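Protein chains: 2
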Amino acid sequence: MGVYLFVKYLKDEEFIKKFGQKLKQVRESKGLSQEQLSLLSEVSQSQIARTELGQVNTSISHVAIYAKFLKVDPKELFDFSTVKK
Amino acid sequence: MGVYLFVKYLKDEEFIKKFGQKLKQVRESKGLSQEQLSLLSEVSQSQIARTELGQVNTSISHVAIYAKFLKVDPKELFDFSTVKK
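What follows is the structure in structure tokens.
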């Protein structure tokens, strides 16, 4: 049980990390700095930084906000096919 | 400012509601009850029910869990094109 929960935890970490990498990738592809995205979205720069590092298990309302100000469909932020393994 | 924040709040609500509708749609298309998804995912049935009703601003780790046990790509849960307006 302990091992199972540990594995589950690791998998979630991986997903959260990939989301962060994707967010960073899309943000950079739009030519925006973390600071600029912070100013647009009213999400603090430190939260954006920690999200991109995979340290924040962000909410779907934040996904919607990021997608809105990055001008992408929210589902694009979950397309991890372009993210490094 | 008050009006702006109110509009922003409404928009988030709409996104969270659409996510819930989509989750329900995918779950039903897989022939799973809320109870069955709850047993598989170890997320409580009441939380699944509230998420489907758009009452929970769920985390991306829960998105990953739902996608895993519904056997869909996480990004499919954000494809709202099949969700009623």
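One line per chain: the protein sequences are Z and D, in this order. Using full-length UniProt numbering, you'd call the opening residue of the first sequence number 1 and step up by one each time. Using full-length UniProt numbering, you'd call the opening residue of the second sequence number 1 and step up by one each time. A virtual CB, placed ideally from N, CA and C, is assigned to each residue, including glycine. Source: prediction; values computed, not measured.
Note the first and the last residue of the continuous alpha helix (DSSP H) segment covering threonine 82 of chain Z.
In the DSSP annotation of this structure, threonine 82 of chain Z is not part of any alpha helix (DSSP H), being labelled neither H nor E.
I'd like to know whether the C-beta of phenylalanine 15 of chain Z is nearer than 8 angstroms to at least one C-beta of chain D.
It does; some Cβ of chain D falls within 8 angstroms.
Per-residue burial, lysine 22 of chain D [other beta carbons within 10 Å of its own, 16 or more giving buried]:
Residue environment for lysine 22 of chain D: buried (at least 16 other C-beta atoms within 10 angstroms of its C-beta).
Residues of chain D with CB closer than 7 angstroms to the CB of alanine 64 of chain Z, please, in chain order.
Correct list: Asp12 and Phe15.
For valine 63 of chain D, which residues from the same chain have a beta carbon less than 7 angstroms from its beta carbon, with the 5 sequence-adjacent residues on both sides left out?
If the five residues before and after valine 63 of chain D are omitted, its C-beta is found closer than 7 angstroms to the C-beta atoms of Pro74 and Leu77, all from its own chain and listed in chain order.
Under 7 angstroms by beta carbon: chain D residues contacting lysine 75 of chain Z
Under the 7 angstroms cutoff, chain D gives Lys75, Phe78 and Asp79.
So for serine 38 of chain D, helix, strand or coil by DSSP?
Three-state result, serine 38 of chain D: helix.
Between serine 61 of chain Z and chain A, is any beta-carbon pair separated by less than 8 angstroms?
The question asks about chain A, but that chain is absent: this structure's protein chains are Z and D.
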